[in-house]
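The next block holds one structure in the form of structure tokens; read it before the comments.
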Amino acid sequence: MLTHCGTVELKTERLILRRFEIEDAAQMFNNWSSEEQVARYMRWDAHKDINDTKTVLIKRIEKYNDIKTYLWAITLKETNEPIGSIGLICSNEYDMCAKVAYCLGKSYWGKGIAAEALREVIRFGFLKVNFNRIEAYHSINNDASGKVMQKGGMKFEGRLRQKYRSHDGFQDCDMYAILRKDLIF
Numbered sequence: 123m124l125t126h127c128g129t130v131e132l133k134t135e136r137l138i139l140r141r142f143e144i145e146d147a148a149q150m151f152n153n154w155s156s157e158e159q160v161a162r163y164m165r166w167d168a169h170k171d172i173n174d175t176k177t178v179l180i181k182r183i184e185k186y187n188d189i190k191t192y193l194w195a196i197t198l199k200e201t202n203e204p205i206g207s208i209g210l211i212c213s214n215e216y217d218m219c220a221k222v223a224y225c226l227g228k229s230y231w232g233k234g235i236a237a238e239a240l241r242e243v244i245r246f247g248f249l250k251v252n253f254n255r256i257e258a259y260h261s262i263n264n265d266a267s268g269k270v271m272q273k274g275g276m277k278f279e280g281r282l283r284q285k286y287r288s289h290d291g292f293q294d295c296d297m298y299a300i301l302r303k304d305l306i307f
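When the letters of the sequence shown are read in order and numbered with my numbering, they come out as residues 123 to 307.
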């Protein structure tokens, strides 16, 4: 049985994963939501102005009223600056399964930040919410995201044809997953 508790603050060596606040709008816009390269494989357009970002933030903040919402701002511990986001979505309550997705500003790519956030969210999902399985997908054209999943302890499970549509059209995706029993404490 799942024990939903909502988005709670999580800490790693370099990061604080916390709830979004409306005051994050400027940094979210500047650090990732306005970047075309970040939005390329996502299901949203790069934000044209800060009002787009504020609209998204308002919707995200409203979702925190639901204890089944797990959506964090990835922030640097030393500055509290939001540099990306990560979320855990319960995809099947009965089977205790979730999907994880993340997004990080281009300036922070290649520094192990996404993998660090992913490992902590996976840990939280298994130890606090009691998921049995957590899965993730990435476009086959975005190998870097697959490397993040591997560093997060996830295992490749196969390729899904035209799994989702992004700005580049329908994307074949590689699927990764980790089971609770695979978690190394």
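For glycine and all other residues, C-beta sits at the position ideal for the given N, C-alpha and C.
Asked                                                                                                                                                                 : Found
Evaluate the contact criterion for the segment 263-281 versus the segment 149-157: three or more CB pairs, one atom per stretch, below 8 Å.                           : no
May I have the straight-line CA-CA distance separating isoleucine 196 from aspartate 304, to the nearest angstrom?                                                    : 25 Å
Hey, quick one: how far does the beta strand (DSSP E) through asparagine 214 stretch, first residue to last?                                                          : 204-214
Which whole-angstrom value describes the C-beta separation of cysteine 212 and lysine 181, a residue pair presumed to lie in contact below a C-beta threshold of 8 Å? : So it is not a contact: roughly 18 Å between Cβ atoms.
Using a Cβ-Cβ cutoff of less than 7 Å, which residues in the same chain neighbour glycine 291 once the five nearest sequence positions on both sides are dropped?     : none
For the putative contact between leucine 132 and tryptophan 194, defined by C-beta atoms under 8 Å, what is the C-beta separation to the nearest angstrom?            : 7 Å
According to DSSP, simplified to helix, strand and coil, what is arginine 245?                                                                                        : helix
Since isoleucine 144 and lysine 176 are thought to touch, with beta carbons under 8 Å apart, how far apart are those beta carbons, to the nearest angstrom?           : 7 Å
State buried or exposed for glutamine 159, treating a residue as buried only when at least 16 other CB atoms are found within 10 Å of its CB.                         : exposed
With 16 as the cutoff for other CB atoms within 10 Å, does methionine 123 come out buried or exposed?                                                                 : exposed
What does DSSP give as the partner residue(s) for alanine 239 in the beta ladder?                                                                                     : Its beta-bridge partners do not exist; DSSP assigns none.
By Cβ distance below 8 Å, which residues in the same chain neighbour aspartate 294 in space, the five residues on each side in sequence not counted?                  : Ser261, Ile262, Arg281, Leu282, Arg283, Gln284, Lys285
Is tyrosine 224 near glycine 268, with beta carbons less than 9 Å apart?                                                                                              : no
Thinking C-alpha only, which one of Glu203, His126, Gly128 is nearest leucine 229?                                                                                    : Looking at the sequence itself, residue 229 is serine, so the reference to leucine does not match. Closest by alpha carbon: Glu203.
Hey, could you find the ends of the alpha helix (DSSP H) arginine 255 is sitting in?                                                                                  : Where arginine 255 is concerned, there is no enclosing alpha helix (DSSP H), although the beta strand (DSSP E) it sits in stretches over 255-261.
To the nearest whole angstrom, what separates the beta carbons of threonine 134 and tyrosine 192, a pair I think is in contact under 8 Å?                             : Not confirmed; about 16 Å, so no contact.
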